[in-house]
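Visitor: Dropping a structure here in structure tokens format, bear with me for questions.
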Amino acid sequence: MAGLPILAVVSAARPFLEPLLPEGIEVRWIDGAGDALQKVTGAEIGWLDLFPGDGMGAMIAAATGMRWLNTWRAGIDALPVELFKARGIALTNGSGVHDVAISEYAIAGMFALAKHLPDVVRAHDRQEWARPIPSVNLAGSHVLVIGYGSIGRRIGAMLAALGATVTGVRRSARDGAIGADEWRPRLGAFDWVVLAAPGTADTRHMIGTAEFAAMKPGARLVNVARGSLVDQPALIEALATGKLAGAFLDTVDPEPLPAADPLWRAPNALITMHLSGRAQTGQWERAAPLFAANLQRWIAGEPLKNRVDFALGY
Numbered sequence: 001m002a003g004l005p006i007l008a009v010v011s012a013a014r015p016f017l018e019p020l021l022p023e024g025i026e027v028r029w030i031d032g033a034g035d036a037l038q039k040v041t042g043a044e045i046g047w048l049d050l051f052p053g054d055g056m057g058a059m060i061a062a063a064t065g066m067r068w069l070n071t072w073r074a075g076i077d078a079l080p081v082e083l084f085k086a087r088g089i090a091l092t093n094g095s096g097v098h099d100v101a102i103s104e105y106a107i108a109g110m111f112a113l114a115k116h117l118p119d120v121v122r123a124h125d126r127q128e129w130a131r132p133i134p135s136v137n138l139a140g141s142h143v144l145v146i147g148y149g150s151i152g153r154r155i156g157a158m159l160a161a162l163g164a165t166v167t168g169v170r171r172s173a174r175d176g177a178i179g180a181d182e183w184r185p186r187l188g189a190f191d192w193v194v195l196a197a198p199g200t201a202d203t204r205h206m207i208g209t210a211e212f213a214a215m216k217p218g219a220r221l222v223n224v225a226r227g228s229l230v231d232q233p234a235l236i237e238a239l240a241t242g243k244l245a246g247a248f249l250d251t252v253d254p255e256p257l258p259a260a261d262p263l264w265r266a267p268n269a270l271i272t273m274h275l276s277g278r279a280q281t282g283q284w285e286r287a288a289p290l291f292a293a294n295l296q297r298w299i300a301g302e303p304l305k306n307r308v309d310f311a312l313g314y
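The following block contains the structure:
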């Protein structure tokens with residue numbers, strides 16, 4: 001149909017996206033790296049997830065007519081953002097797509113630490129009937145959730161339903177959450193600190209020696225955000241001294257974590273290899289309607305939902 005943009009989209013999205021597209025629109029379905037460069041050439045809009053950052057950069061370089069790129073990722077730190085900025089390409093992210101999977105994973109990690117499930121599994125592997133292992137309840141606990149976007153808010157809602165008291169942290173205080181300049185003086189009040197903030201220059205090593213020192217003795221850390229948010233040598237020290245009772249780390253820095261890294265051997269650290277966003281069903285089903293609705297906005301000349309602010313990094 002004349003006047004409609006040309007799309008280049010990975011084929012994995014096809015069963016969920018194709019029924020939602022305007023009639024007559026041209027879509028070049030990308031089956032793999034072999035046909036990707038050819039199919040992005042001349043496309044105005046791209047959805048190129050499943051390709052790594054370098055591969056996506058090569059495709060964007062070839063797609064000189066690209067004006068909008070969509071990703072189902074919530075974080076954009078693995079994408080060639082500087083290229084998008086230089087080319088004036090709009091970027092929309094998958095905010096909202098991963099809320100269910102990541103929030104459930106965070107809660108699972110908290111239960112694993114609270115109930116000492118890694119110790120129970122090790123006893124099972126030894127065929128050993130272990131002595132009772134003391135545990136704590138999430139009900140009645142005080143939890144700080146740093147990064148109160150869609151994922152953080154869902155984590156907060158699930159914890160509140162379990163009987164925890166939740167304090168959220170946003171860039172600026174609103175809707176019951178405190179501001180980014182308010183949480184550090186309050187660290188000693190919390191049993192859990194959950195990280196769900198984006199990985200940016202401003203959040204790099206936001207949890208380090210000073211923050212661990214300010215935490216309540218026996219507090220626990222959960223990171224389902226980015227490994228860059230935590231000063232890992234300081235984390236290892238806090239775990240080794242018992243200042244922290246445990247850390248559930250779905251993200252670390254670097255990834256993959258080298259086998260020789262001492263974080264693997266830190267006491268009461270549970271590392272899950274950045275699986276939280278992948279441990280889900282239905283991510284294409286959730287991402288496709290968001291993209292289709294944004295496509296209608298693009299055609300109508302309306303602002304895109306979930307458009308990334310490059311200055312903020314999310």
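Heads up: the sequence shown begins at 1 in the UniProt record's numbering, then just goes up one per residue. Ideal Cβ placement from N, Cα and C applies to all residues, glycine included.
1) Should Arg126 go down as buried or exposed, given a rule of 16 or more other Cβ atoms within 10 Å for buried?
2) Output the boundary residues of the alpha helix (DSSP H) element that contains Leu69.
3) Taking the alpha-carbon positions, what's the Tyr148 to Leu138 distance?
4) Taking only runs that begin and end inside the stretch 62 to 146, name each unbroken alpha helix (DSSP H) of 4 or more residues, in chain order.
5) What would DSSP say about Gly24, mapped onto helix, strand or coil?
6) State yes or no: is the C-beta of Ser95 within less than 8 Å of the C-beta of Asn306?
7) Roughly how many angstroms lie between the CA atoms of Val40 and Asp54, to the nearest whole one?
8) DSSP three-state label for Phe51, please.
9) Under a Cβ-count criterion, where at least 16 other Cβ atoms within 10 Å of its own Cβ denotes burial, should Trp264 be classed as buried or exposed?
10) Look at Val143 and Val169 and say whether their C-beta atoms are less than 8 Å apart.
11) Taking the C-alpha atoms as reference points, what is the distance between Met1 and Ala86?
12) Does DSSP put Ala177 in a helix, in a strand, or in coil?
13) Give the range of the beta strand (DSSP E) segment to which Leu270 is assigned.
14) Quick check: what's the CA-CA separation for Ala201 versus Ala130?
15) Could you check the C-alpha separation between Met273 and Glu26 for me, to the nearest Å?
16) Go ahead and pull the three-state DSSP assignment for Ala2.
17) Terminal residues of the continuous beta strand (DSSP E) containing Leu244?
18) Thinking Asp250 and Val224 are a contact (beta carbons under 8 Å), I'd like their distance in whole angstroms, please.
19) Which class does Gly168 belong to by DSSP, given the choice of helix, strand or coil?
Guide: This is what the structure gives:
1) exposed
2) Element bounds for Leu69: not the alpha helix (DSSP H) but the beta strand (DSSP E), 68 to 70.
3) 19 Å
4) 81 to 87, 99 to 114, 117 to 125
5) coil
6) yes
7) 15 Å
8) coil
9) exposed
10) no
11) At Met1, the pLDDT of 42 sits below 50, so the modelled position is not reliable and the matter cannot be decided from this model.
12) strand
13) 269 to 271
14) 45 Å
15) 38 Å
16) Reliability fails at Ala2, whose pLDDT of 48 lies under 50, so the model's placement of it is uncertain and the value that follows must be treated cautiously. Ala2 falls in the coil class under three-state DSSP.
17) 244 to 249
18) 5 Å
19) strand
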